[in-house]
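Asks: Each residue of the sequence shown is one higher than the one before, counting from 3 in this note's numbering. Note that the Cβ used here is the ideal one computed from N, Cα and C, for glycine as well. Below: one structure in structure tokens.
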Amino acid sequence: MRQRSKPATAASPLAGHGGLGAGAGGPAALSTVGASPQPQQRGESPPMSTPSEVLSLADPSSAHESSSSTSSLYRDSSGERHRALDGGGGVTGADSAVAARAGAPKSRSTRAKRWLKEKLIPDFVHEHGRTVYGGNPLSQQTLPGIFNYPSPFILVPIFFLLMVPFLVVGGFMLGKARDQQLLEEKYSHIHQYQYVPSNASVNINQGILQFTADGVTHAQGTRTWLEINVSRRMKAPVYMYYKITNMYQNYRDFHNGRSLSQLAGNANIGNTYLCRPYTHPGFRSNEGDTPITITDATGSQVTRPASYFTYNPCGIAPWSKFNDTFVLYRVLTPAEVQRAKERGIPMLYGGVDGKTPVTLICNGTDFGPKGNPLGGSLEENRCAKKGISWKADIRIRFRNLTLREDWWSLYYPYPTTNEYLRNGWYLHEPGHALPDPSDYDLQVWVRASFTSNFRKLYRIIDVPLNPGTYLVDISEFYDVVSFRGSKSVVLEHAYWTNGHSVVFGVVFIVMGCLSCVLGVAFAVECMLQRNGVNRYQRLGEPKRSWYVFPPNDPEFANYYHLRLRRHIPMAQLQSLRKAVAELEALAHASEAAPPTQQQCNSNSEANRAEPNSQCR
């Protein structure tokens, strides 16, 4: 016979009445008449029944009916408990008050949180995934999940259906990759331009532009002619890029070196430390006290320190804007030169010697900040600036300049005697003009690149480029020699795949082949299983024990019982524990009490046979 576990509370003959003893945070346990509950220590775990007792109340074969059977069992045990209390005492008012005060929260905020939790949050939210072991269901990984076991009659056709578009699209992309053309020519090595030449014989600074500031003339810039040979016809549109290497736009200083609020046209630039050291004029060189004389809106002259002004736009990203310019020409063939002479059409001449007859394709300098043609080209300009920037940058992120007295910008609205402010230059940087936030070239530049080698879209050529020789007239103002970088010109005709790369085509082909292999493998396995082939039986030990678990094994039954107990809801488990404790107390009380007259009458013959019977 199974040994009964002891009741939750010990009995003592010295007590005058019985009651319900509530442990700290645990369920109440019933004590019979003439028994006093033992005091439970603080922090002691509540009384728990053994797994066998819980399983005796919840039949494993009917685990799906655990909720209804548990609730009915709890109702029966509650009725038995009340009948026992009616016969031998009950819970006193003082004990119930003490229990209520012990269970109630002491803090007002705690009570308010509990009230909101009970009123506003449904119970199933707290109980969802919670098991008998307690804890957070997410951290304990007990949240219920859905496991889908698809049929092979559904899975195999899906793989074959996926195979077709992957192979078709991948083959099409590989075929189109052959038609894509990309021409790249480096030009920074020709003159190795530096603003301040380290070696005048190597780093050529021709000084094609001259700027005068503070009585000193500063010459800068170098003119470079780059030859590009086009072997195959490039269809329109042809995208013209500039490429820079060994420049890290993904550094935090460059990425954060701007004020998004200021670029969007707001009056507040936000965090000024993001724009340092190009927040205020003279901040980097510690010349913030340089006097700047301006004529304010009232017409009176006032003198302000340089630190009074704020660059617009501020930050190192606008300050480092790429400022080389490109003009693309096509070299005329001898037949075209002869026809032009016969018709009296004037021709353009370019090249290093200035004697090569050319025709204009794209003048990248003949556009305003927003891509409007300026009409300064000698021939038709067959390229566009509109379309190089993102729509979100044009409509949302970048707005027109906000003109204010304290903002040092390209278009300063008030008269001033300072040459740098009047020309829109950075302080003590002759010729280095502040950019316009609405300029598409600036918007393309400040969109940081992920790698140190990147290219930026410069112009979009609207006409095809026929095979022949092309010359690019480059005005170099951007120094890359100082950080060991390089500059290149890139011409590319891209299809909808966007890029001269076969990576996507190869990926699609691989995915199509993989889908085909998986479809065939699953189809063969399905046919073998339908023909009675059991691979698990053919496995040898110990591999077979990894996959095959005997259903009649005691370990499997124990595992099933543990799983059943684990997924009993918390409230029902507490009810089971309480009912088990109360039933055990009643059983012990009935064993200790003398038999009633009715029991003696029903067992009269057995009592007369026993000489020591209590019914005599």
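Quick check on the burial criterion: 16 or more other C-beta atoms within 10 angstroms. Buried or exposed for Glu494?
Replies: The count along the sequence shown starts at 1 and reaches residue 494 at position 492. The residue in question, Glu494, is buried, as its Cβ has 16 or more Cβ neighbours within 10 Å.
Asks: Compute the Euclidean distance between the alpha carbons of Gly514 and Phe161, then round it to the nearest angstrom.
Replies: Indexing the sequence shown from 1 puts residue 514 at position 512. Indexing the sequence shown from 1 puts residue 161 at position 159. Near 9 Å, if we compare the C-alpha coordinates of Phe161 and Gly514.
Asks: What residues in its chain sit with their C-beta under 8 Å from that of Leu520, if we drop five residues either side in the sequence?
Replies: Within the sequence shown, numbered from 1, the residue matching residue 520 stands at position 518. Cβ within range, chain order: Phe161.
Asks: From the DSSP output, which residues share a beta bridge with Asn314?
Replies: Numbered from 1 along the sequence shown, position 312 holds the residue referred to as residue 314. DSSP output for Asn314 lists no bridge partner at all.
Asks: Assuming Leu412 and Gly426 make a contact with CB atoms under 8 Å, what is their CB distance in whole Å?
Replies: What you label residue 412 is simply residue 410 of the sequence shown in a count that begins at 1. What you label residue 426 is simply residue 424 of the sequence shown in a count that begins at 1. About 4 Å separates the two Cβ atoms, so the contact holds.
Asks: Could you check which residue in Ile363, Lys388 and Asn402 has the C-alpha nearest to that of Tyr472?
Replies: Position 470 of the sequence shown, counted from the start, is the residue given in the question as residue 472. For Tyr472, the nearest C-alpha among the options comes from Ile363.
Asks: Could you tell me how far apart the beta carbons of Asn455 and Thr247 are, in whole angstroms, since I believe they sit closer than 8 Å?
Replies: For this step, residue 455 is matched to residue 453 along the sequence shown. For this step, residue 247 is matched to residue 245 along the sequence shown. Asn455 to Thr247, Cβ: 4 Å. Contact.
Asks: Between the C-alpha atoms of Phe558 and Gln574, what's the straight-line distance to the nearest angstrom?
Replies: On the sequence shown, position 556 is the one that residue 558 refers to. On the sequence shown, position 572 is the one that residue 574 refers to. Computed Cα separation, rounded: 25 Å.
Asks: For Tyr244, list the residues DSSP reports as bridge partners.
Replies: Along the sequence shown, read from residue 1 onward, the residue named residue 244 stands at position 242. In DSSP, Tyr244 forms a bridge with Lys458 and Val491.
Asks: Measuring from the CB of Pro320, is there a heavy atom of the ligand SAH at a distance below 8 Å?
Replies: Looking for the ligand SAH in the displayed structure turns up nothing, as the structure carries no ligands at all.
Asks: Report the option in Ala496, Glu338, Tyr351 and Lys323 whose CA atom is closest to the CA atom of Ala435.
Replies: By one-based count along the sequence shown, residue 435 stands at place 433. Nearest C-alpha to Ala435: Lys323.
Asks: Cβ atoms of Tyr497 and Gln251: under 9 Å apart, would you say?
Replies: For the purposes of this step, residue 251 is taken as residue 249 along the sequence shown, with counting starting at 1. For the purposes of this step, residue 497 is taken as residue 495 along the sequence shown, with counting starting at 1. Result no, Cβ atoms of Gln251 and Tyr497 do not sit closer than 9 Å.
Asks: Answer with buried or exposed for Met349, where buried requires no fewer than 16 other C-beta atoms within 10 angstroms of its C-beta.
Replies: In the sequence shown, counting from the first residue as 1, residue 349 sits at position 347. With fewer than 16 other CB atoms across the displayed protein chains lying within 10 angstroms of its CB, Met349 is exposed.
Asks: Quick check on Thr281: buried or exposed, where buried means 16 or more other Cβ atoms within 10 Å of its Cβ?
Replies: Taking the first residue of the sequence shown as position 1, residue 281 is located at position 279. Answer is buried; the Cβ neighbour count reaches 16.
Asks: Look up Gln208 in the DSSP assignment and give the residues it is bridged to.
Replies: For the purposes of this step, residue 208 is taken as residue 206 along the sequence shown, with counting starting at 1. Answer is none; Gln208 lacks a bridge partner.
Asks: What first and last residue would you give for the alpha helix (DSSP H) that runs through Val448?
Replies: Translated into the one-based positions of the sequence shown, residue 448 becomes position 446. Per DSSP, Val448 belongs to the alpha helix (DSSP H) from Tyr442 to Val448.
Asks: State the DSSP-derived secondary structure class of Trp498, mapped to helix, strand or coil.
Replies: Residue numbering aside, residue 498 sits at position 496 when the sequence shown is read from its first letter. Correct three-state label for Trp498: coil.
Asks: Please return the same chain residues whose Cβ sits closer than 6 Å to the Cβ of Phe311, not counting the five positions on each side in sequence.
Replies: As a working note, residue 311 is residue 309 in the sequence shown. Once the five neighbours on either side are set aside, the close Cβ partners of Phe311 are Pro283, Asp408 and Trp410.
Asks: Short of 7 Å in beta carbon distance, which residues of its chain neighbour Phe168, apart from the five on each side in sequence? Order them along the chain.
Replies: Taking the sequence shown and counting its residues from 1, one reaches residue 168 at position 166. Phe510, Met513, Gly514 and Ser517, listed in sequence order.
Asks: Would you grab the beta carbon distance between Val446 and Ser490 for me? Rounded to a whole angstrom, and I think it's under 8 Å.
Replies: Locating residue 446 in the sequence shown gives position 444, where the first residue counts as 1. Locating residue 490 in the sequence shown gives position 488, where the first residue counts as 1. 16 Å between Cβ atoms; not a contact.
Asks: From the DSSP output, in three-state form, read off Asp202 for me.
Replies: As a working note, residue 202 is residue 200 in the sequence shown. In the sequence as presented, Asp is not what sits at residue 202; that position holds Ala. Coil, per DSSP.
Asks: What is the rounded straight-line gap between the Cα of Pro29 and the Cα of Val582?
Replies: If you number the sequence shown from 1, residue 29 lands on position 27. If you number the sequence shown from 1, residue 582 lands on position 580. Here Pro29 scores only 38 on pLDDT, less than 50, and its place in the model is too uncertain to base an answer on.
Asks: Kindly indicate the opening and closing residues of the beta strand (DSSP E) around Gln183.
Replies: If you number the sequence shown from 1, residue 183 lands on position 181. Gln183 to Lys188 is the extent of the beta strand (DSSP E) around Gln183.
Asks: Checking the sheet assignment: what are the DSSP bridge partners for Thr305?
Replies: Counting from one through the sequence shown, the residue named residue 305 turns up at place 303. The partner list for Thr305 (beta bridge, DSSP) reads Thr295.
Asks: According to the Cβ coordinates, are Asp438 and Pro359 closer than 9 Å?
Replies: On the sequence shown, position 436 is the one that residue 438 refers to. On the sequence shown, position 357 is the one that residue 359 refers to. No, the pair does not count as a contact, with Cβ atoms beyond the cut-off.
Asks: Out of Val492, Gly433, Val508 and Ile463, which one is the CA nearest neighbour of Tyr2?
Replies: In the structure as shown, the chain starts at 3 and stops at 618, and residue 2 therefore has no counterpart that could be examined.
Asks: Return yes when the Cβ of Phe328 is within less than 9 Å of the Cβ of Val474, no when it is not.
Replies: Position 472 of the sequence shown holds residue 474. Position 326 of the sequence shown holds residue 328. For Val474 and Phe328, yes; Cβs fall inside 9 Å.
Asks: Using DSSP bridges, identify the partner residues of His220.
Replies: If you number the sequence shown from 1, residue 220 lands on position 218. Phe213.
Asks: When you compare the CB positions of Val483 and Tyr195, do they come within less than 9 Å of one another, or not?
Replies: Mapped onto the sequence shown, residue 483 falls at position 481. Mapped onto the sequence shown, residue 195 falls at position 193. Yes; because the gap between Cβ atoms is below 9 Å, this pair is in contact.
Asks: Of the choices Pro417, Ser109, Thr112 and Leu376, whose alpha-carbon is the least far from that of Gly301?
Replies: For the purposes of this step, residue 301 is taken as the residue at position 299 of the sequence shown. Ranking the options by Cα distance to Gly301, first place goes to Pro417.
Asks: If you draw a straight line from the alpha carbon of Ala386 to that of Lys245, how long is it in whole angstroms?
Replies: Translated into positions along the sequence shown, residue 386 becomes position 384. Translated into positions along the sequence shown, residue 245 becomes position 243. If you take the alpha carbons of Ala386 and Lys245, they lie about 19 Å apart.
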